[in-house]
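Written out as structure tokens, the structure reads:
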């Protein structure tokens, strides 16, 4: 037996030479390992890696025999970890010594000159491809990261970008990686050429493209910056445009993107084949329909004799799939199989229905809620776990969550449960918005100059779903402080409870010399009982004390109230009649109904909202009833335009011999009623002093066409709109006359801002009369439609 040397060493091996080293170990006796029994194992050279990590990968333990096979396996295993760039194995008196040189770790990744992208987004993206803090430094990974950065810039049309990478060693075998970015100038689309189109004009095609040449709004929209993603979407939009008009075989044959040598201008050419226009000859259905063929046929929007429409075809498929989804067939597959007759330019369709297996819901998952409690969202669900899947209930659940108005976006997905063929998970993802709002409003008028209102409201207090609010109005002539609280689930059955305490003071504007002061202190308590998914009935009661103070210059209507409620009431004394203070206590009882089928409470695009409220006081000092009805209707006219219509009719009347109390009058004018006229100034005015005193009847109508703001794509949180308003208030004894209505029209902007909903409007009164108080520009934050 050969004597074992006191010490042997394997040659220094680099990772790139592992294969050669292993072959050398196996081939030559000069490099062979004399087997020995391992008495101990010692690791040297590690700085960050734990010794236990090395022991884990070694294929030998103390007491075992170390030989050629295990030495090769040990080197391969340690290199495979990627932690080390140099490895040596040595033996000393039966002790296996593992000497390693660690690869450096990345201490920090930073960027200079990168303005197009957020730094946090870049750090996250590079971390996913192996270049990030605490990761092992790998030059090939850094090179890939550099190329990925360039690719991202190129996708944004920044073809002149230059990126250099600096790797700086620091203590403890670490490095800092710095990407130095010279973004250069953004390449702009200089020209878009459309080739092959005959039926559709160049102008019509350019209007449907996201990409465009430079224009008035491209500085904001960046539509003149080439993007491969945008181009792909535009090509699909062109094809859809033709399909919707019957050109079944229309296609975009090719595109050419050319950039000038200075990388500043881009020329885009789109080649189109239009084909022939087709009409639908017949519609058939095939497949498993469970005896509901006629019902499903009614959902097909394509009809024989009509021009073919790709949009109608897709809508028909979605409607049939959705209907089958209502019966639990979550994976229903519906295909429209066309049979072309090119000579007659006709197409026959067979809708093939494959319902698949009936599925039930395994889990209802919620994500994205960092403040709102799960139970606040989950109690709005109408689809339940372990029950059959129902697409209509899933949609209703999504809509109910969206109507909470706590979230900027609500999305729902129904993927197949892993490892099953008849189960789905319903994943609802929300994007929360700030619900603690400081909301302000204001307007400018000659009478009050600048009017300011404010409120502090927590619409989702501590994530509980409860609303707590404090409203303030600091107008010089109308001041309010009110505290309110609403619990939408006062009981587990969904009965809500709301209460309000308030103090209001109203005075006339200084532009008129008539003077009076109305002070109202009170509160109310209301319970809401849901009777269906969209209908709720409310029952409430309140207590209100009204104090009216007048002088000799006060309007006759107010002096009459004082005379009837505690002040001088001798009508022969014209000077002192009704001068002083009158007090009245009201005990209003209310019953109301509300129906809300809108797809969103903040940015609705379809659905209805209705409310009716009846307030009756038969126990207070002034007997009266007061009825309010409001109806909002939303309908999408196109994928980007929404029609919104709102109407309101209000009516009040005294009961028996009692007159309708003046402090319950309705008012019109201003944002929220008839824009272009100063708030609460329409209707009858005091004949002596010209003060607007409101009326017991009010009619309001609003019509809006809402559009996405240029450059905001289809973001519904930022929209501009055109509008037309009309309305008026009338006294109890006066009939409603259309000729007395006031009308206006204008444009406005709506924005769901971080501090609350914002609405700006500029209106032109269309039939203002002498004495009307006009206010063309108005804004308000924290109000709805």
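In mature numbering (1 follows the signal peptide of the UniProt record, and there is no 0), the protein residues as written are -32 to -1, 1 to 753. Beta carbons are placed, not taken as given, at the ideal position from N, Cα and C, and that holds for glycine.
query                                                                                                                                                                     : result
Does the beta-carbon distance from residue 208 to residue 314 come in below 7 Å?                                                                                          : no
Since I believe residue 527 is in contact with residue 506 (beta carbons under 8 Å), could you give me their beta-carbon distance rounded to a whole number of angstroms? : At roughly 36 Å, the Cβ-Cβ gap does not stay under 8 Å, so residue 506 and residue 527 are not in contact.
Can you tell me the Cβ-Cβ gap for residue 613 and residue 671, rounded? I've got them flagged as a contact below 8 Å.                                                     : 5 Å
With distances taken from CA atoms, which of 695, 580, 746 and 677 is nearest residue 185?                                                                                : 677
Any chance the stretch 316 to 330 sits against the stretch 254 to 261, with 3 or more Cβ pairs inside 8 Å?                                                                : yes
Taking a contact to mean a Cβ-Cβ separation below 7 Å, would you say residue 162 touches residue 285 in this structure?                                                   : no
What is the rounded straight-line gap between the Cα of residue 692 and the Cα of residue 711?                                                                            : 7 Å
Looking at the unbroken alpha helix (DSSP H) that takes in residue 46, where does it start and where does it end?                                                         : 36 to 48
Grab the span of the alpha helix (DSSP H) containing residue 532 for me, first residue to last.                                                                           : 524 to 532
Given this structure, state the Cα-to-Cα distance separating residue 306 from residue 211, to the nearest angstrom.                                                       : 13 Å
Opposite residue 309 in the DSSP bridges: which residues?                                                                                                                 : 314
Round the Cβ separation of residue 447 and residue 503 to the nearest angstrom and send it over; I've been treating them as touching at under 8 Å.                        : Not really, about 36 Å apart at Cβ, beyond 8 Å.
Within 10 angstroms of its Cβ, does residue 759 collect 16 or more other Cβ (buried), or is it exposed?                                                                   : The requested residue 759 does not occur in the structure, where the chain is confined to residues -32 to 753.
Taking the alpha-carbon of residue 433 as reference, which of 399, 347 and 741 has the nearest alpha-carbon?                                                              : 347
Short of 7 Å in beta carbon distance, which residues of its chain neighbour residue 166, apart from the five on each side in sequence? Order them along the chain.        : 242
Under the three-state reduction of DSSP, which class applies to residue 69: helix, strand or coil?                                                                        : strand
Tell me the rounded alpha-carbon separation between residue -32 and residue 132.                                                                                          : Below a pLDDT of 50, predicted positions are generally treated as unreliable, and residue -32, at 34, falls in that range; no measurement from the model is reported.
How would you label residue 24, buried or exposed, when you count the other beta carbons within 10 angstroms and need 16 or more for buried?                              : exposed
Indicate whether residue 585 and residue 555 have their beta-carbon atoms separated by less than 7 Å.                                                                     : yes
On the three-pair Cβ rule with 8 Å, is the stretch 180 to 199 touching the stretch 266 to 283?                                                                            : no
Going by DSSP, what residues sit across from residue 240 in a beta bridge?                                                                                                : 220
Taking residue 7 and residue 62 to be in contact with their CB atoms under 8 Å, please state how far apart those CB atoms are, rounded to whole angstroms.                : 4 Å
In the structure shown, what three-state DSSP assignment does residue 741 receive?                                                                                        : coil
Going by DSSP in three states, residue 87 sits in which element: helix, strand or coil?                                                                                   : helix
According to the Cβ coordinates, are residue 467 and residue 438 closer than 7 Å?                                                                                         : no
With distance defined between alpha-carbon atoms, name the residue in 271, 66, 735 and 200 nearest to residue 708.                                                        : 735
In whole angstroms, what separates the C-alpha of residue 464 from that of residue 386?                                                                                   : 39 Å
Give me the DSSP bridge partner(s) of residue 52.                                                                                                                         : 70
Thinking C-alpha only, which one of 668, 675, 720 and 687 is nearest residue 704?                                                                                         : 668
For a test of the three-state rule: what should DSSP assign to residue 685, helix, strand or coil?                                                                        : coil
Based on Cα-Cα distance, which residue from 491, 522, 552 and 508 lies nearest to residue 515?                                                                            : 552
Who does residue 696 pair with in a DSSP beta bridge?                                                                                                                     : 667
When the Cα atoms are used, what is the spatial distance from residue 276 to residue 652?                                                                                 : 58 Å
Can you tell me whether residue 706 is buried or exposed, with buried defined as 16 or more other CB within 10 angstroms of its CB?                                       : exposed
Going by DSSP, which residues form a beta bridge with residue 635?                                                                                                        : Answer by DSSP bridge pairing: none, since residue 635 is not bridged.
What does DSSP give as the partner residue(s) for residue 130 in the beta ladder?                                                                                         : 150
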